[in-house]
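Encoded as structure tokens, the structure appears first; notes follow it.
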Amino acid sequence: MPPRTDATTTMTAMDHLLDDLTPPQKEAVLHTEGPLLVLAAAGSGKTRVITRRIAYLISCGVPAWSILALTFTNKAAGEMRERVQTMLAPDGEETRQSRGLTVSTFHALGARLIRRYGELAAHDGVQLGIKSDFTIYTSPDQLAAVKATVLSLGLSTTNWPPRSVLGAISKAKNELLDADDYAMRAGDFFSKNIAKLYAGYQKRLRAANAVDFDDLLMLTAKMLRESKAVREECQRRWQYLLIDEYQDTNHAQFTIASMLAGEGPAEGDGPNVCVVGDPDQAIYSWRGADISNILEFEERYPKAAVITLGENFRSTAPILAAADALIRHNKKRKHKDLFTSREGGEPITAVLCRDERHEAQLVADWLRSHAEDEDGVGYAWREMAVFYRTNALSRVMEDALREAGVPYVIARGTAFFDREEIKHALGYLRVVANQADDVSVGRIVNVPTRGIGATSLGRVREATAEAGISLWEGLQQAERVEGLSTRAVNAMKGFVELIESWTGHGSFLGKEMAGSLAELVERVIRESGLEKSYKHQAETTKSEADAERLDNLSELVSSAAQFEEEYDPASDPFAFDLDATDPGGTDSPTLGTIEMPPLLAMLRAYLEKVSLVADADAVDPASGSVTLMTLHAAKGLEFPVVAMIGLEEGLLPHSRAHASEDDLEEERRLCFVGITRAMRLVQLTSAKYRTIRGMRDRTIPSRFIEELPREHTLVSDQSDAWDDPHDDFNDTGGYPSGSAGGSSGSGPLAKAKQELPIGSRVRHPQFGAGEVLSLEGGSSVRAKIKFRDVGVKTLVLEYARLQRLS
DNA sequence: TTGCGATCCCTTTTT
DNA sequence: GGGATCGCAA
1216 MPPRTDATTT
1226 MTAMDHLLDD
1236 LTPPQKEAVL
1246 HTEGPLLVLA
1256 AAGSGKTRVI
1266 TRRIAYLISC
1276 GVPAWSILAL
1286 TFTNKAAGEM
1296 RERVQTMLAP
1306 DGEETRQSRG
1316 LTVSTFHALG
1326 ARLIRRYGEL
1336 AAHDGVQLGI
1346 KSDFTIYTSP
1356 DQLAAVKATV
1366 LSLGLSTTNW
1376 PPRSVLGAIS
1386 KAKNELLDAD
1396 DYAMRAGDFF
1406 SKNIAKLYAG
1416 YQKRLRAANA
1426 VDFDDLLMLT
1436 AKMLRESKAV
1446 REECQRRWQY
1456 LLIDEYQDTN
1466 HAQFTIASML
1476 AGEGPAEGDG
1486 PNVCVVGDPD
1496 QAIYSWRGAD
1506 ISNILEFEER
1516 YPKAAVITLG
1526 ENFRSTAPIL
1536 AAADALIRHN
1546 KKRKHKDLFT
1556 SREGGEPITA
1566 VLCRDERHEA
1576 QLVADWLRSH
1586 AEDEDGVGYA
1596 WREMAVFYRT
1606 NALSRVMEDA
1616 LREAGVPYVI
1626 ARGTAFFDRE
1636 EIKHALGYLR
1646 VVANQADDVS
1656 VGRIVNVPTR
1666 GIGATSLGRV
1676 REATAEAGIS
1686 LWEGLQQAER
1696 VEGLSTRAVN
1706 AMKGFVELIE
1716 SWTGHGSFLG
1726 KEMAGSLAEL
1736 VERVIRESGL
1746 EKSYKHQAET
1756 TKSEADAERL
1766 DNLSELVSSA
1776 AQFEEEYDPA
1786 SDPFAFDLDA
1796 TDPGGTDSPT
1806 LGTIEMPPLL
1816 AMLRAYLEKV
1826 SLVADADAVD
1836 PASGSVTLMT
1846 LHAAKGLEFP
1856 VVAMIGLEEG
1866 LLPHSRAHAS
1876 EDDLEEERRL
1886 CFVGITRAMR
1896 LVQLTSAKYR
1906 TIRGMRDRTI
1916 PSRFIEELPR
1926 EHTLVSDQSD
1936 AWDDPHDDFN
1946 DTGGYPSGSA
1956 GGSSGSGPLA
1966 KAKQELPIGS
1976 RVRHPQFGAG
1986 EVLSLEGGSS
1996 VRAKIKFRDV
2006 GVKTLVLEYA
2016 RLQRLS
């Protein structure tokens, strides 16, 4: 029963919200009650519909705090909140209407719900095993914890690589299988061991009062599913649920969404849950995303309305036609018409380059040629983007852009926090916030070196493992650990004292204590000795990289200062008392009862924010630079000018995704996502030779290039127009031209198959003996050959001077 | 205990 | 190409 305001009084505001929408968009905004599935094609104004819908609900009198919108990145969440605010109060002076509106990622929401309701769940008999002041372990921490678990179980990290172990655990968590569930299902040797590792890893996390990314979802789902009190509390608060990028939700997220939505009023069509997505843009199956969530939405809510947004407002007709032709190659797909009423536009260009350096230079030139001139003709740098499948491809591109004087930024939100000096500084801060955090204690206890070496620390580790206490507690009682030198014990005591000088022995009170977060960060950097040691290093090496470390540390202080400035405990939606969900009390929500020293609360909020940053969060449209990012990070964005590099077999589609047809279709969707980000211009490039991890290899152009319609794609081969002195390979060959496929019974391919059948042994003048793995057609026949000494190479038969041995 | 150099291995995408 | 690890010298 949403409270409705008198229609006449808000008519103008509502008109304003609706008047520039297309009929289906309007329908999606107006369908506020009951379940709704919006199938939104790329560029169909999805974000606009979501923000309008929220604004519309609020203007109808629905209290903002009863609306929950879930997005994929923090960036998207922030932008959405901002847009709703501007829409409701264009002059920006009145933001009260949108107070309490929750726009968040699933992970951030999970963190908040667990902190807030963990205790309530416990009263309800649901134990999560962590305290509300838990630490969030990010990837490096997870790996460290897994590694320690592998070793503590007497297994080797060669047979049980932490990455794969973590991958298996993560997969289980996304399917909501806890360690016990997993163990019960484990039949074979491998999964039985994983089950043990899973259990050990969880034990380690809980002992450190830590959760990992997947726990944020799994524990939230568990809490909502098993605790009636928590579930009802949340359902009571959030009457309207919106989920963006629904095609990329995994089982855990699906469960959270279902639990939050509930069943809705008995007499209605179902809960007020609106999901928005596009199966053609599902690119996260490897993270457990389940495309069936979107396909089965109608099954779950039989009375759900379905609205398709097909009209594209973003791209030119040729770009759209090319993207459409590409995605039509996917067989497991519900076709959706993509159309635009726009006319004109440049075709897509596809260029074959010599190698990755040529490619990078060509892209840099292309971007420059479209850059704004003095007369304002052309595009601003910030309107351009370069996409790639793997992060490793960015380096060469960066070099070329730097050389060409093109300003650029890389969308790697985590990059800053991955730096050694930042990890160390944050490690200290995390220990200040949570001394049980063994991974962080282990990371910083001897950084900078203070005489607590691996041997001594190992002794303490053993002793604490036996006693079942944290590493921190072990250091506190170092004198009781056997086999430690007095020197080591003193060093440990000194370390403990250092940390406690910042925490005020846990009280966060007293004269000596830092008053502000920035001050605390600064003190930690200085008093830990980090600053001094990096300064010393910079002075001795005189290298730019070391000077940069110092800059980064001061940037961390600035970031803390900025966070502090923006931090407002009252704006935290979870600080609102949920009893205020009485519609009459919307204007005066009371503060909740989270009690802790303000500085500690702020520190924890800061650390949480820092842990949950995503790469895509680093995209700053205000910067005057070209943006470089992975195709995954590009989801949801748009740019007038888009370059995509590395359109090669093995890269896009990626070689790790060659296993199944499903994987291949996901790669195709990834390519589709890239192309559909573009508004005006698209250039695709591939390199004939590419050096990957130091090995220079002949490549094959991506099949996706061939799948693009020729009437909208200009293909050119410029691989010979590049003279690179470092290049000692010299064969030619280009994109397959003429009739595509080449699978007919005659022609060069058939001839080659006769002369050099698969499996035959050959000798190459340079690479030695090898075996033919496969043959591929085109204007020039290529053979994939596995050489005994140099591995698998793809060679153009015509030039390879192969000698048949068998 | 620390620091350096050789060697080995790996590499998709991310909250 | 580069990060992690290991062995060895100081």
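Quick note: to get our numbering, add 1215 to the position in the first sequence (first position is 1).
Don't be surprised by glycine CBs; every beta carbon is placed ideally from N, CA and C.
Cβ shell of residue i (< 7 Å), same chain only, five flanking positions each side left out
i: L1233; result: K1241 and V1244
i: H1231; result: none
i: K1708; result: A1693
i: L1381; result: Q1357, L1358 and V1361
i: G1799; result: The predicted model places G1799 with a pLDDT of 35, which falls under 50 and marks its position as unreliable; any figure quoted below should be read in that light. Hits under 7 Å: none found.
i: D1235; result: none
i: K1411; result: L1368
Beta-carbon proximity check, residue i vs residue j, cutoff 8 Å
i: K1346; j: E1880; result: no
i: I1265; j: L1524; result: no
i: S1901; j: G1865; result: no
i: L1899; j: P1562; result: no
i: V1341; j: K1418; result: no
i: P1250; j: D1484; result: yes
i: L1896; j: V1856; result: yes
i: L1582; j: M1599; result: yes
i: V1491; j: F1512; result: no
i: I1509; j: V1888; result: no
i: T1320; j: T1288; result: yes
i: L1324; j: W1453; result: no
i: T1350; j: N1424; result: yes
i: V1592; j: A1858; result: no
Candidates the options, of which the one nearest residue i by Cα
i: K1551; options: N1527, R1895, E1511 and T1353; result: N1527
i: E1681; options: G1276, S1367 and T1350; result: S1367
i: I1890; options: D1495, E1613, R1819 and V1624; result: D1495
i: Y1516; options: L1391, G1479, W1501 and R1263; result: G1479
i: A1626; options: I1659, D1832 and E1587; result: D1832
i: E1921; options: G1315, A1537 and L1392; result: A1537
i: T1317; options: D1339, D1580, T1718 and A1292; result: A1292
i: Y1594; options: R1314, E1571, A1893 and P1868; result: A1893
i: R1665; options: A1648, G1642, D1653 and S1743; result: S1743
i: I1637; options: S1774, I1409 and A1575; result: S1774
i: Q1468; options: L1567, L1285, C1275 and T1914; result: L1285
i: D1580; options: V1621, E1780 and A1336; result: V1621
i: L1567; options: Q1576, G1559 and L1475; result: Q1576
Residue span of the alpha helix (DSSP H) that contains residue i, given as start and end
i: R1298; result: N1289 to L1303
i: Y1643; result: E1635 to A1648
i: I1684; result: Where I1684 is concerned, there is no enclosing alpha helix (DSSP H), given that its DSSP letter is neither H nor E.
i: D1580; result: E1571 to S1584
i: S1931; result: Element bounds for S1931: not the alpha helix (DSSP H) but the beta strand (DSSP E), T1928 to D1932.
Enclosing beta strand (DSSP E) for residue i [first to last residue]
i: K1546; result: No beta strand (DSSP E) holds K1546; DSSP gives it neither H nor E.
i: I1498; result: I1498 -> no beta strand (DSSP E), and no H or E assigned at all.
i: L1896; result: A1893 to I1907
i: C1449; result: Unbroken run through C1449 is the alpha helix (DSSP H), K1443 to R1452; no beta strand (DSSP E).
i: F1854; result: F1854 to M1859
i: A1255; result: L1251 to A1255
Residue i: CB within 7 Å of a non-hydrogen atom of the ligand MN
i: R1695; result: Among the components modelled here there is no ligand, and therefore nothing to report on the ligand MN.
Counterpart residues of residue i in DSSP-defined beta bridges
i: A1504; result: N1465
i: Y1352; result: D1427
i: M1844; result: F1602
i: H1869; result: G1865 and L1866
i: F1554; result: E1526
i: Y1623; result: V1841
Close-in-space but distant-in-sequence residues of the same chain around residue i (CB under 6 Å, 5 per side omitted)
i: I1522; result: P1239, E1242, A1243 and V1253
i: Y1623; result: L1616, S1840, V1841 and L1843
i: F1723; result: P1812, L1814 and L1815
i: I1740; result: A1640, E1746 and L1768
i: D1802; result: Residue confidence for D1802 is low, a pLDDT of 36 falling below 50, so the modelled location carries little weight; the figure read from the coordinates is stated next. Hits under 6 Å: none found.
Neighbourhood of residue i by C-beta distance below 8 Å, restricted to the same chain and skipping five residues each side
i: E1763; result: none
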